[in-house]
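So for the sequence shown, our numbering puts the first residue at -10; every next one is plus one. All residues carry an ideal CB built from backbone N, CA and C; glycine is no exception. Report on the structure given below.
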Amino acid sequence: MTSPTPEPSSTPILGIDLGTTRSVVSYLDDHGRPQTILNADGDMTTPSAVAFEDGDVLIGKEAIKSLAITPDQVVQFAKREMGNDGHMISIDGYDYPAELIQSFILGRLRRDAERHFGDTAQSVVITVPAFFNEPKRRATMDAGLLAGFSVEAIINEPTAAALAYGIEHGFMDPDGVFKKPETLLVYDLGGGTFDVCILRIEGDAINVLGIDGNARLGGLDWDACIVDWLIDEFENNCDIDRKKLEANKGILQREAEEIKHSLTARKQTNVKIRLGDAVLQTQLTRSLFDELTAHLLDRTRFTIKKALEAAKLTWSGIDRVLLVGGATRMPQIVEMLQRETDITIDQSVSPDQAVALGAAVYANILSQRANGGESSGKQPLRSVDVTDVNAHHLGVLGVELSTGRPQGQVIIPKNSPLPAMNVARFKTVKPNQRSVVVKVIEGGDMRGHNATTIGTFSVRDLPAGLPAGSPVEVILQYNVDGIIQAEAIVLATGKKNRIEIKRDAGLTETEIDEWQDISSEIYEALGLD
-10 MTSPTPEPSS TPILGIDLGT TRSVVSYLDD HGRPQTILNA DGDMTTPSAV
40 AFEDGDVLIG KEAIKSLAIT PDQVVQFAKR EMGNDGHMIS IDGYDYPAEL
90 IQSFILGRLR RDAERHFGDT AQSVVITVPA FFNEPKRRAT MDAGLLAGFS
140 VEAIINEPTA AALAYGIEHG FMDPDGVFKK PETLLVYDLG GGTFDVCILR
190 IEGDAINVLG IDGNARLGGL DWDACIVDWL IDEFENNCDI DRKKLEANKG
240 ILQREAEEIK HSLTARKQTN VKIRLGDAVL QTQLTRSLFD ELTAHLLDRT
290 RFTIKKALEA AKLTWSGIDR VLLVGGATRM PQIVEMLQRE TDITIDQSVS
340 PDQAVALGAA VYANILSQRA NGGESSGKQP LRSVDVTDVN AHHLGVLGVE
390 LSTGRPQGQV IIPKNSPLPA MNVARFKTVK PNQRSVVVKV IEGGDMRGHN
440 ATTIGTFSVR DLPAGLPAGS PVEVILQYNV DGIIQAEAIV LATGKKNRIE
490 IKRDAGLTET EIDEWQDISS EIYEALGLD
């Protein structure tokens, strides 16, 4: 679907933290300070939830309210399904891609921004977990397109948080120069994802030294431990069968989140939950909660170790630990870190807003570059050079001729500074071969175990008459967003060849157009367009 070129907007490029459980939209004001835009409910964060109810689409707080009555009509945590091969979310017999669900949330944030500025919002920088693979990054960009945005960039959440840290505490001057060099370890535990990122901030540069993480570990998993405990308590103390408890997991999940929040401020909390005629009345102590979730905390500790190894550092090389993400409010996080190190544990930036605020700072930097060094702000940030790294190896998977077993080859190693490019050389296996097919993977081992298949690169239209063993070079590269591009060169002719990428996951351009038409119809029917 081709849209007419929009009129220029006075709305600045927005920064959006598209979270698993909550999302935030921010911008840089005329004084060079990042600000969060309140939503229509007057809140700084919007629940990442969508409900389909009687032909209506409810987003945010209204969608959460539907959990108590029609839980099967509510979609939450779609971020965890972004970029997953073939995964669709089923509601009322209809299948929706996660990108469309996320686009509804982005659309809500866009309308909040338009209400704030009184003008259309066109451009955005969206954050993603540092450990997101390429299909998930591309899916995030597609969600932005479906929401009507021009996605200017994708930035890793810990890197955005570091930018917010620099601005919020005056460690960056108006020229974007850090007044004091530091090596930060960013511990980012959100609702559904976890990153550890080690960065060096010095002069006018932020350089990521190493990252590790888990795209399916977050506060939700701590909630799930409480849900399991609640189910056991109901079974042991109330006349209710497990099938009914399982059917009411949505309600129990909401209660679990409230219990977790309560235990952040106190050492024990009273629990009273009614499910039909069954009433559970008990207490949960923080010490028992910590015991129930100790295995999750251990996973974050192991991830820290891997990130330090990736950065070739030990704790002695870290100046400060920066906590980001709402789940870091749990006391067990700080207590664990204090057992690991005596380095300052910094909780000074808003755990809920830091990522979006940093995205707004980065958006301003991009805007300035696009305008030849000028910024719309009265106190512009001059250029800050941000160098991220890739979270996963990028390579190809073939077949070992002698054994017939899969054999991988790493082209761009994990933790390479972005943008990154490297070359793989292949040989034709028969005379007059007209194409070469290459399977590209991210992560995993040399046999392809636990790897994400990006897709198949087909090098077509090779010259006729090439002998067997003719070399073909495939050039793979990550851009600064972590998106993969490729081209091929036939060395015998020096000719660059077209590469078609048949992706295993994500939406095709045709599907994006089709879903964009559908989402536009929904917005129009709801009077939101």
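Residue i, buried or exposed, once every other Cβ within 10 Å from all chains shown has been counted against 16
| i | result |
| --- | --- |
| residue 303 | exposed |
| residue 226 | exposed |
| residue 2 | buried |
| residue 83 | exposed |
| residue 381 | buried |
| residue 291 | exposed |
| residue -5 | Because the pLDDT at residue -5 is just 45, under 50, the model does not fix this residue reliably, and the point stays unresolved. |
| residue 86 | buried |
| residue 261 | exposed |
| residue 421 | exposed |
| residue 454 | exposed |
| residue 274 | exposed |
| residue 339 | buried |
| residue 122 | buried |
| residue 136 | buried |
| residue 268 | exposed |
| residue 280 | exposed |
| residue 36 | buried |
| residue 145 | buried |
CA-to-CA distance, residue j to residue i, given in whole angstroms
| i | j | result |
| --- | --- | --- |
| residue 530 | residue 40 | Any question about residue 530 goes unanswered here, given that the chain covers just -10 to 518. |
| residue 63 | residue 38 | 7 Å |
| residue 119 | residue 192 | 23 Å |
| residue 55 | residue 45 | 12 Å |
| residue 116 | residue 350 | 12 Å |
| residue 318 | residue 232 | 33 Å |
| residue 19 | residue 405 | 36 Å |
| residue 347 | residue 418 | 50 Å |
| residue 228 | residue 75 | 41 Å |
| residue 411 | residue 465 | 6 Å |
| residue 239 | residue 59 | 10 Å |
| residue 402 | residue 333 | 32 Å |
| residue 73 | residue 394 | 26 Å |
| residue 253 | residue 247 | 10 Å |
| residue 285 | residue 178 | 11 Å |
| residue 220 | residue 256 | 22 Å |
| residue 359 | residue 111 | 15 Å |
| residue 444 | residue 451 | 20 Å |
| residue 241 | residue 218 | 10 Å |
| residue 213 | residue 235 | 12 Å |
| residue 309 | residue 208 | 23 Å |
| residue 200 | residue 379 | 8 Å |
| residue 237 | residue 472 | 40 Å |
| residue 182 | residue 467 | 22 Å |
| residue 14 | residue 32 | 11 Å |
| residue 345 | residue 463 | 37 Å |
Helix, strand or coil at residue i according to DSSP, with G and I counted as helix
| i | result |
| --- | --- |
| residue 325 | helix |
| residue 5 | strand |
| residue 127 | helix |
| residue 338 | coil |
| residue 183 | strand |
| residue 302 | coil |
| residue 0 | coil |
| residue 320 | helix |
| residue 422 | coil |
| residue 147 | helix |
| residue 409 | strand |
| residue 48 | strand |
| residue -9 | Reliability fails at residue -9, whose pLDDT of 38 lies under 50, so the model's placement of it is uncertain and the value that follows must be treated cautiously. Residue -9: coil per DSSP, three-state reduction. |
| residue 373 | coil |
| residue 91 | helix |
| residue 442 | strand |
Identity of the residue in the options nearest residue i by Cα
| i | options | result |
| --- | --- | --- |
| residue 374 | 398, 35, 400 and 408 | 408 |
| residue 392 | 436, 291, 359 and 243 | 436 |
| residue 300 | 230, 198 and 125 | 198 |
| residue 400 | 420, 427 and 423 | 427 |
| residue 150 | 174, 462, 107 and 135 | 174 |
| residue 152 | 203, 183, 21 and 450 | 21 |
| residue 325 | 264, 282, 450 and 0 | 282 |
| residue 8 | 130, 68, 189 and 343 | 68 |
| residue 446 | 305, 387 and 249 | 387 |
| residue 230 | 206, 251 and 266 | 266 |
| residue 459 | 481, 108, 398 and 470 | 481 |
Any non-hydrogen atom of the ligand MN closer than 7 Å to residue i Cβ
| i | result |
| --- | --- |
| residue 219 | The model on display carries no ligand, and the ligand MN is accordingly not part of it. |
Cβ separation of residue i and residue j, assumed to be a contact under 8 Å, to the nearest whole Å
| i | j | result |
| --- | --- | --- |
| residue 258 | residue 195 | Their Cβ separation, rounded to whole angstroms, is 40 Å, which puts residue 258 and residue 195 out of contact at 8 Å. |
| residue 138 | residue 99 | 7 Å |
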